[in-house]
Structures are given as structure tokens and as C-alpha cells.
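**Q** So that you can map any letter, position 15 of the sequence shown is 13 in my numbering, and since no number is skipped, the others follow by simple counting.
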Amino acid sequence: SVGYMFEQKGVIVCSPSSNKDDVVLAAIDAGAQDVDDTGDQVIVYTKQNELETIREKLGENVESADVEMSPSQTITVDDPKKAQSLMRLIEALDDLDDVISVTANYDISEDIMNQLG
-1 SVGYMFEQKG
9 VIVCSPSSNK
19 DDVVLAAIDA
29 GAQDVDDTGD
39 QVIVYTKQNE
49 LETIREKLGE
59 NVESADVEMS
69 PSQTITVDDP
79 KKAQSLMRLI
89 EALDDLDDVI
99 SVTANYDISE
109 DIMNQLG
């Protein structure tokens, strides 16, 4: 019922063995839609149908490659009580035997997540 709020994207996580810039350039040359190199890993976003092609071009640097549902917009949760309720709901949904995965469009700050434990 809320599927229109999400888009399927290919997500490739790379752990560069040498130079991060080389992995980023290779991903762009392969046709990646977006690249996030802010952390220790390089995360490459692709169209769903181009995931395998780009994964092969990135070669040995790839740690994982999967199709994920990405929210088209996120909702910021800045109230700790609401965040706690939301996390309990997500956990309860995830514990159901019939649920394979849970995807949501919330954004909770790191400070609030630390408060929740």
C-alpha cells in the first residue's frame, strides 16, 4: 500500500583494497547512478537491472551486492519517545514469521539512537 514511496535500487558495497578513488572512478565508468565514499567502504547505487553488470566490472573489491528498496523521501524522527515506539514497531514486525524484511523511511539521529541503546 505504500510501495509507491520506495524505489528498487541496486546497492553494491565495496571495500577498496588500494585506492578509494580508483573504485569510485570504476563505478562511475561502469554506469553507477550514485556513489557514497564517505566511510571506510564505497557504496555504489545502480539501477536494479544494471546491478550484476556493474558488480562484475568492479571485480574483487565487491563485498556484497543486492537489490534494496530505497525511500523516495525520509521522515525525521526527533522525539525520543516516538523513536522508541517506532523501533519497537519495527522490531515486532521483523519478529513475525511471515515477514521477510522490513523497509522504512525514517531518519533517527545518532544521538537519539544512542539514548535508546
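Glycine included, every Cβ here is placed at the ideal spot set by N, Cα and C. Source: prediction; values computed, not measured.
Answer with yes or no whether the minimum CB distance from Val97 to chain B is below 8 Å.
**A** Given the protein chain composition of this structure (a single chain), no chain B is represented.
**Q** Around the C-beta of Gly1, are 16 or more other C-beta atoms found within 10 angstroms, so that it is buried, or is it exposed?
**A** Under this definition Gly1 is an exposed residue.
**Q** Given a threshold of 16 other Cβ atoms within 10 Å of its Cβ, counted over all protein chains shown, does Gly29 qualify as buried or as exposed?
**A** Looking at its Cβ environment, which holds fewer than 16 other Cβ atoms inside 10 Å, Gly29 is exposed.
**Q** According to DSSP, is Ser83 part of a helix, a strand, or is it coil?
**A** Of the three classes helix, strand and coil, the one that applies to Ser83 here is helix, per DSSP.
**Q** At what residues does the alpha helix (DSSP H) containing Asp27 begin and finish?
**A** Segment 18 to 28, the alpha helix (DSSP H) holding Asp27.
**Q** Taking 8 Å as the threshold (C-beta atoms), are Val11 and Gln39 in contact?
**A** Yes, the Cβ-Cβ distance between Gln39 and Val11 is below 8 Å.
**Q** Ser15 to Glu66, Cα distance in whole Å?
**A** Roughly 25 Å separates the two Cα atoms.
**Q** What are the boundary residues of the beta strand (DSSP E) that Thr51 is part of?
**A** It is not in any beta strand (DSSP E) - Thr51 instead sits in the alpha helix (DSSP H) that spans 49 to 56.
**Q** From Leu91 to Val100, what distance separates their C-alpha atoms?
**A** Answer to the nearest angstrom: the Cα atoms are 7 Å apart.
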